[in-house]
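S.K.: Sharing a structure below in structure tokens format, with a few things to ask.
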Amino acid sequence: RFNISTSLVFDGVNIDGASGPFINQDKITAICLKNNSLQEFPRDFFRGISNLTYVEVSGQNFSTLSKHLLSEISNDIVTLRLMKNSVTNIESETFSNFPKLKYLLLSNNRLTELQPNMFSGLDSLEVLELDGNKITTVQPGTFGSLLKLRWMSLKDNLFESLPDDIFTGLGLQLLSFSGNWTEHRCQSLFEHLDHLVFGICGDVIISKETSAMGL
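Residue numbers for the sequence shown follow this note's numbering, beginning at 23 and rising by one.
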């Protein structure tokens with residue numbers, strides 16, 4: 023059997039239709055697919071790669087993520103980077119097969135709304151990045167199951183409002199999100215974040231040391 027590197031990068035390469043090209047290559051732990059002009063998440067590309075812990079699929083043209091489309095990715099994955107893919111829809115329980123996932127990056131897509139069960143099953147998630155989307159609405163309970171989340175970034179979105187208790191119960195240490203918020207509103211949104219070290223709320227910075235101050 024020929025030798026395969028533990029990390030593979032396919033940048034600008036046409037992989038459309040590739041089905042199980044690395045079946046039983048158990049030395050592969052990381053795969054990066056960038057700028058491949060994919061119109062759909064390449065489900066079958068990941069078939070049979072049992073020891074993957076890192077996956078990046080970025081710079082593509084697909085709009086939907088679902089549990090089915092991600093079903094060939096190893097359950098042991100730790101890092102999943104899905105940036106710049108024009109994603110508008112993440113179906114319920116899309117990531118629920120990944121109990122060991124710690125880092126989920128969804129920046130620079132086209133999401134407009136975050137809903138409950140979108141992130142269900144992510145029992146180990148520590149970092150969630152949703153910068154640069156078009157999010158206007160976050161439904162109550164969206165983040166409620168992310169009990170190990172420590173870092174969340176929602177910068178450069180289009181928030182119109184946020185539920186009062188949207189961050190309640192989370193152990194966040196760092197939190198940032200965009201919007202035109204008053205200092206009072208920022209304080210109320212961060213009120214129950216007992217572990218917060220540093221936060222950015224629109225033009226307001228909140229930290230343990232300084233309480234609140236304008237940028």
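Beta carbons: idealized from backbone N, C-alpha and C, even for Gly.
Going by DSSP, what residue range makes up the alpha helix (DSSP H) through Arg207?
M.R.: Sequence index remark: in the sequence shown, residue 207 carries index 185 (1-based). Unbroken alpha helix (DSSP H) run through Arg207: Glu205 to Leu211.
S.K.: What does a CB cutoff of less than 6 Å around Thr101 pick up in its chain, not counting 5 residues either side in sequence?
M.R.: Taking the sequence shown and counting its residues from 1, the one referred to as residue 101 is at position 79. Contacts found: Tyr76 and Tyr125.
S.K.: Is the distance from the Cβ of Ser96 to the Cβ of Ile71 below 8 Å?
M.R.: Stepping through the sequence shown from its first residue, residue 96 is reached at position 74. Stepping through the sequence shown from its first residue, residue 71 is reached at position 49. For Ser96 and Ile71, yes; Cβs fall inside 8 Å.
S.K.: In the structure shown, what three-state DSSP assignment does Phe165 receive?
M.R.: As a first step, residue 165 is located in the sequence shown; it is residue number 143 there, counting from the start. Coil, per DSSP.
S.K.: Which residues does DSSP list as the beta-bridge partners of Thr86?
M.R.: Within the sequence shown, the letter at position 64 stands for residue 86. Paired residues: Asn111.
S.K.: Under a Cβ-count criterion, where at least 16 other Cβ atoms within 10 Å of its own Cβ denotes burial, should Asn58 be classed as buried or exposed?
M.R.: By one-based count along the sequence shown, residue 58 stands at place 36. The residue in question, Asn58, is buried, as its Cβ has 16 or more Cβ neighbours within 10 Å.
S.K.: Can you grab the Cα-Cα spacing for the pair Asp48 / Leu104, in whole Å?
M.R.: Position 26 of the sequence shown, counted from the first residue, corresponds to residue 48. Position 82 of the sequence shown, counted from the first residue, corresponds to residue 104. When rounded, the distance between both Cα atoms is 23 Å.
S.K.: Would you check if the distance between the CB atom of Ser146 and the CB atom of Leu123 is smaller than 8 Å?
M.R.: As a working mapping, residue 146 is identified with position 124 in the sequence shown. As a working mapping, residue 123 is identified with position 101 in the sequence shown. Cβ atoms of Ser146 and Leu123: closer than 8 Å.
S.K.: Where does Asp145 fall in DSSP's three states?
M.R.: Residue numbering aside, residue 145 sits at position 123 when the sequence shown is read from its first letter. In the structure shown, Asp145 sits in coil (DSSP, three-state: anything other than H, G, I, E or B).
S.K.: If we ignore side chains and look at the alpha-carbon of each, how far apart do Asn139 and Asp178 end up?
M.R.: Locating residue 139 in the sequence shown gives position 117, counting from the first residue. Locating residue 178 in the sequence shown gives position 156, counting from the first residue. Cα-Cα distance, rounded: 23 Å.
S.K.: In this structure, how does DSSP classify Asp33 when only helix, strand and coil are distinguished?
M.R.: Here residue 33 corresponds to residue number 11 of the sequence shown, with the count starting at 1. Here Asp33 sits in strand by DSSP.
S.K.: Keeping to the same chain, check which residues put their C-beta closer than 6 Å to that of Glu135; ignore five residues upstream and five downstream.
M.R.: Mapped onto the sequence shown, residue 135 falls at position 113. Excluding residues within five positions, the ones whose Cβ falls inside 6 Å are Thr159.
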